[in-house]
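Data first, discussion second: the structure below is written as structure tokens.
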Amino acid sequence: MLLPETIEREYRFKLALRMGLPIFALIIALISNTLITTYESLDAIFYIESILLILFSVYFIFYIIYSSFDIKITDEVSKVFTREYLYTYLKKEIQKNADYTLILISIDNLNDINNLYGLKNGDKVLRRVIFWVSEYLQDKEIKNFPLGHIKGGDFVLGFKGNKNNYNSILELLYLKSNEFKVDDIEVKISGAITDTAFSNQLDYLIENLFELQNRTKNLKNSSKEEHISPNELESFIINAIRERKFLIFTQDVFENSKPTIKECYVKLKTPDNKIMHQKNYMKVINRLGLMSEYDFMILEINITKLALLSEQKFAFTISPTSLRNKNFLTKTKELINSHPQIKNKIIFILAEVEYYSQINKYNATLKSLRDMGILIAIDKLGSLHTSFLYLRDLEIDIVRFDALYSKEMDKEEYRSIVEGFRVMAQKKNIKTWIKMVENEVNLQSAIKLEVDYLQGNYLAPLEKVYES
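With my numbering applied, the sequence shown covers 3 to 470.
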């Protein structure tokens, strides 16, 4: 048992004793008085009832104390519902109301506030933001709505009705928040809105809020995609992986005007053979714990069906967490050893947001793969700080610049950044790769910068090479 659990049990026990002593004293006093005054006329049933009364009192007091600790309605810092109680409350509300709306309110810079101004000021910001949001909504005649703390600076509000009733109110709230401060502390607020038209499952609605928020932040909020309900999407993904129903497209990557690499793009298929795109299913695969299985499926097809039949190298994205999974790594090495012809023909493309701290262990894993003829590429250089750190710390073969630099290649400042990274990579004998070359200007700029690998629709289209 952990120390906090032990201390909490001790605290509960002492509290139960403090609450129980007056009751026990009263019961004992009453029993003693009865025994003294009416001793001769008492029968055996009195003693049995007295013992039962004491036992029941002990049980009742301890039950009340322990059960009260298990039920926490409000968050201690922000004074709104706890996540557990909010979920319980919202599930009941969604069952009662066919149309129900959830709104996400996020304090985006809460971590910076905690670091710069201290935790107490961070807590003050949480309370003041929630108080401000509540006042704003009450001014709009919206009252008695559930509001709960999900995590960090994220809060979820629930309202009866569909989201069309609240869109304009939410947009105005975000506009007003641009000038919002707490004691001269700048507060950045964002959020999202969804309703039961998306799903009537609370977990899916909460996840959709964060996905919508991320799309808005990344300016990728194109809303013309075909809607698939979340539970159907999960079912389709599981079925596609189990049944191996997917397509692989490739695009040529050029070195010295010659196609030397084919990058692979995977799209899963629904049971009725419609295509699911990666941006819709990759997060779900992670949540379902199927990433290693998915990665190995793609690896196996690339090795056994594609790379063996081509002179070009095949590059595809592999999750770094899969490479750090012992079972996946063992199966991968067995597969590579059984096909020695693919040596130096497979490229793993890696990218992750968080830096993996056990860098020596990670380097050893990558070295074992490189010794077997697998080439390692790090993606999104210049966008993710982790990619720069991996360029510095890992023994790799290729780095690929983020697509932003391809689109802005006509600007001197972006060309200077690419040139700096290229020199750094060259010093470590690492080749450079730029994608999304879409016109002659970008092509000539990349050639002038002596980038090793060039890729884009201007050079070669996508080609379907595999379907199952």
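Here a beta-carbon is modelled for each residue, glycine too, at the ideal position from N, C-alpha and C.
Only a predicted model underlies this, so the values are computations on that prediction, with no experimental measurement involved.
Taking the straight line between their C-alpha atoms, what separation do you get for residue i and residue j?
i: VAL480; j: LYS165; result: It is not possible to answer for residue 480, since the shown part of the chain is limited to 3 through 470.
i: THR434; j: VAL453; result: 5 Å
i: ASP110; j: LYS93; result: 27 Å
i: ASN99; j: LYS126; result: 34 Å
i: GLU313; j: SER340; result: 19 Å
i: PHE161; j: THR84; result: 17 Å
i: ASP404; j: ILE419; result: 11 Å
i: GLY193; j: ILE96; result: 21 Å
i: LEU32; j: GLU143; result: 56 Å
i: ILE287; j: TYR296; result: 8 Å
i: ILE277; j: ILE115; result: 43 Å
i: LYS226; j: ASN113; result: Caution applies to LYS226, whose pLDDT of 46 falls short of 50 and renders its modelled position unreliable; the value that the coordinates give is listed next. When rounded, the distance between both Cα atoms is 34 Å.
Can you tell me which of the options puts its alpha carbon nearest to the alpha carbon of residue i?
i: LEU386; options: ILE376, TYR407 and GLU414; result: TYR407
i: LYS315; options: GLU265, MET278, LYS271 and THR306; result: GLU265
i: ILE361; options: ILE47, ARG394 and LEU175; result: ARG394
i: VAL439; options: ARG326, GLN253 and ASN431; result: GLN253
i: PRO2; options: PHE350, ALA309, LYS328 and ILE38; result: Since the first residue shown for the chain is 3 and the last is 470, residue 2 is missing from the structure and cannot be characterised.
i: VAL255; options: LYS16, PRO463 and SER34; result: PRO463
i: ILE29; options: ILE144, PHE58 and LEU177; result: PHE58
i: ASN327; options: LYS276, ALA353 and PHE298; result: PHE298
i: LYS218; options: ASN431, GLN203, ILE191 and LEU235; result: Residue 218 is actually Thr in this sequence, not Lys. Here the closest residue by C-alpha is ILE191.
i: ILE432; options: ASN441, LYS450, ASP381 and TYR468; result: ASP381
i: ASP156; options: LEU106, ILE50 and PRO24; result: LEU106
i: LEU204; options: TYR102, ALA448, ASN169 and LEU177; result: TYR102
i: LEU235; options: LEU290, ASP186, VAL184 and VAL189; result: LEU290
i: THR76; options: THR388, LEU139, GLU188 and ILE152; result: ILE152
Residue range of the alpha helix (DSSP H) that residue i falls in?
i: ARG424; result: 414-429
i: SER237; result: 232-245
i: GLU95; result: 85-98
i: PHE133; result: 121-141
i: ILE481; result: Any question about residue 481 goes unanswered here, given that the chain covers just 3 to 470.
i: TYR468; result: Premise fails: TYR468 lies in the beta strand (DSSP E), 465-469, not in any alpha helix (DSSP H).
i: ILE378; result: Segment 376-383 is the beta strand (DSSP E) holding ILE378; no alpha helix (DSSP H) there.
i: ASP274; result: That residue, ASP274, is in no alpha helix (DSSP H); it is neither H nor E in DSSP.
i: LYS450; result: 442-450
My understanding is that residue i touches residue j, with C-beta atoms under 8 Å, so please give their C-beta distance in whole angstroms.
i: VAL398; j: ALA379; result: Inspection of the sequence shows that residue 398 is occupied by Ile rather than by Val. Sure, about 7 Å apart at Cβ, within 8 Å.
i: MET293; j: THR319; result: About 11 Å separates the two Cβ atoms, so there is no contact after all.
i: LEU402; j: MET411; result: Sequence check: residue 402 is Arg here, not Leu. Not really, about 14 Å apart at Cβ, beyond 8 Å.
i: LEU391; j: TYR357; result: 5 Å
Note the first and the last residue of the continuous beta strand (DSSP E) segment covering residue i.
i: GLU265; result: 260-271
i: GLU302; result: Premise fails: GLU302 lies in the alpha helix (DSSP H), 293-303, not in any beta strand (DSSP E).
i: LEU456; result: 455-457
i: PHE350; result: 348-352
i: LYS192; result: Position check: residue 192 holds Ser in this sequence, whereas Lys was assumed. Counting along the chain, the beta strand (DSSP E) containing SER192 begins and ends at 191-197.
i: ALA317; result: 315-319
inquiry  = So, does the region 328-346 touch the region 278-291, judging by three or more C-beta pairs under 8 Å?
reply    = Touching, no.
ask   = Is the region 210-219 close to the region 242-249, with three or more CB pairs under 8 Å?
value = Here the region 210-219 does not lie against the region 242-249, with fewer than 3 beta-carbon pairs under 8 Å apart.
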